[in-house]
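Anchor point for the sequence shown: position 138 equals 138 in the UniProt record's numbering, and the numbering is continuous, going up by one each time. Just so it is clear, CB atoms sit at the ideal spot from N, CA and C, and this is done for glycine as well.
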Amino acid sequence: MREKVSAPVDTMGCHMLADGKADPKTNRFQTLVALMLSSQTKDQITAEAMERLKKEGCTVENFITITEKRLEDLLKPVGFYRRKAQYLKRVALILRDEYGGDIPNTFESLCSLPGVGPKMSNLALQIAFGKVEGIAVDTHVHRIANRLKWVNTNTPEQTEQSLKELLPKSEWGAINKLLVGFGQTICLPVHPKSSELVHTNSNKMSGPETSGNKVAEDQAKKTDLGSKYAQWELLAKDWETQEEESGGVDTKKIYRDADDEVERNGLKELWALVDPIWKFNKEELVDYMAKRVIFESEDIIAFDKPFQLAIASGPKDQAQLDRILQSLKERVAPGIDRLHIVSPLDKDCSGVIIYAK
Numbered sequence: 001m002r003e004k005v006s007a008p009v010d011t012m013g014c015h016m017l018a019d020g021k022a023d024p025k026t027n028r029f030q031t032l033v034a035l036m037l038s039s040q041t042k043d044q045i046t047a048e049a050m051e052r053l054k055k056e057g058c059t060v061e062n063f064i065t066i067t068e069k070r071l072e073d074l075l076k077p078v079g080f081y082r083r084k085a086q087y088l089k090r091v092a093l094i095l096r097d098e099y100g101g102d103i104p105n106t107f108e109s110l111c112s113l114p115g116v117g118p119k120m121s122n123l124a125l126q127i128a129f130g131k132v133e134g135i136a137v138d139t140h141v142h143r144i145a146n147r148l149k150w151v152n153t154n155t156p157e158q159t160e161q162s163l164k165e166l167l168p169k170s171e172w173g174a175i176n177k178l179l180v181g182f183g184q185t186i187c188l189p190v191h192p193k194s195s196e197l198v199h200t201n202s203n204k205m206s207g208p209e210t211s212g213n214k215v216a217e218d219q220a221k222k223t224d225l226g227s228k229y230a231q232w233e234l235l236a237k238d239w240e241t242q243e244e245e246s247g248g249v250d251t252k253k254i255y256r257d258a259d260d261e262v263e264r265n266g267l268k269e270l271w272a273l274v275d276p277i278w279k280f281n282k283e284e285l286v287d288y289m290a291k292r293v294i295f296e297s298e299d300i301i302a303f304d305k306p307f308q309l310a311i312a313s314g315p316k317d318q319a320q321l322d323r324i325l326q327s328l329k330e331r332v333a334p335g336i337d338r339l340h341i342v343s344p345l346d347k348d349c350s351g352v353i354i355y356a357k
């Protein structure tokens, strides 16, 4: 199915964005830059930002001399562009001073760079150096691997480890692009087009414990969830139309829509809003919705399925993280043992990631 469908990652993925005519060091640097921009950002937006950067001069030297404000202007509307502009300036200095203007060629060294986490490091090694040392797990890979019941995990790190145990190393390099494209076009977060394929394959792969009744129950549950998605899908399409027609989205309208939906259906339904909100890369919206769910809901553990939420203003250090966790425990006291906080200090994460199970 995947080979017959072209996905954004195929033509606008980070492996396509560096200047093929640039010298090797610059080419590798541009690959790293593209990967850093891609987090919480659509492929098309990342590709457009990379074109602007290359026209300006996407080199280590230029990133050192360019002002942070100018860099922000070139990155916008990349998700968290202000923070990423800071990271890029710091990375350029480190590469000049410690790596001779090149990017590191080891996983550990790449992970030590500001704004670079395990997923980006694995992809940088693969694209820039042809080295496959791990599996790059993003939201698509994590979601699909769990949906297909290849793994049963709560975090991308757990998913990577489980996939490494499941797959031969010869497949590690291909799985990211394969599943990212599948997730972008077919196995969508909301209303996946692959529902029959997913249930069929899940039934086959789950072994003797999976019965026809279990599949039927899953399908019934999916139908029920689908009805809850419907209103948010309509709102998301409306917001997307605004963005295409005006070059932006009316933040106040999204607030109003969200508040109206809460009045009609209650805060419990807000989990369905995570993906539509996130796709617009609006830090204030993510922060707003995250805080509403976390700090207003007494029923957070009763959500219909695992979900994740990011608070844009993530903790800067362990002490601040401890204060946030304590605050969460005080506000969501009943059943707090069922609330799982995933490494907020992970560099691939822009803030606190929370899974309710």
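Item	Value
Option in N27, L163 and M36 with minimal Cα separation from G57	N27
Counted within 10 angstroms of its Cβ, other Cβ atoms place S6 as buried (16 or more) or exposed	exposed
Inter-stretch contact at 8 Å, needing at least 3 Cβ pairs: the region 144-151 / the region 78-95	no
Residue nearest to I103 in terms of C-alpha spacing, selected from Q30, V180, Q184 and T11	Q30
Three CB pairs or more closer than 8 Å across the region 83-92 and the region 104-116	yes
Short Cβ contact (9 Å threshold) for G13 with V180	yes
Sequence-distant residues of the same chain with beta carbon closer than 7 Å to S38, five excluded per side	C14 and T46
Limits of the alpha helix (DSSP H) - the one that P118 falls within	P118 to F129
Contact under 9 Å by Cβ, T139 with G183	yes
Span of the alpha helix (DSSP H), counted from its first residue to its last, around E51	D43 to E56
Where the alpha helix (DSSP H) through L88 begins and ends	Y81 to E98
Alpha helix (DSSP H) segment containing S162, residue limits	P156 to L166
C-beta atoms of A128 and N154 nearer than 9 Å	no
N-terminal and C-terminal residue of the alpha helix (DSSP H) that W172 is part of	W172 to T185
Rounded separation between G132 and N122 - CA only	Just to set this straight, residue 132 is Val in the shown sequence, not Gly. Their Cα atoms are separated by approximately 7 Å.
Counted within 10 angstroms of its Cβ, other Cβ atoms place Q44 as buried (16 or more) or exposed	exposed
Proximity of V33 and K177 at Cβ, strictly below 9 Å	no
Three-state secondary structure (DSSP) of R147	helix
Cα-Cα separation, G130 to T67	33 Å
Limits of the unbroken alpha helix (DSSP H) element including E133	No alpha helix (DSSP H) contains E133, which DSSP labels as neither H nor E.
Backbone CA spacing between E157 and G100 [nearest angstrom]	31 Å
Alpha helix (DSSP H) segment containing Q30, residue limits	P24 to S38
Pairwise C-alpha distance: K164 and N152	13 Å
S109, DSSP secondary structure in three states	helix
P168, buried or exposed, once every other Cβ within 10 Å from all chains shown has been counted against 16	exposed
Beta-carbon contacts of T11 that lie in its chain and below 6 Å, excluding the five residues immediately before and after	none
Burial state of T65 (16 or more Cβ within 10 Å)	exposed
Contact set for L35: own chain, Cβ-Cβ below 7 Å, skip 5 residues either direction	C14, M120, L123 and A124
Residue closest to C187, alpha-carbon to alpha-carbon, out of D23, V141, T159 and W150	V141
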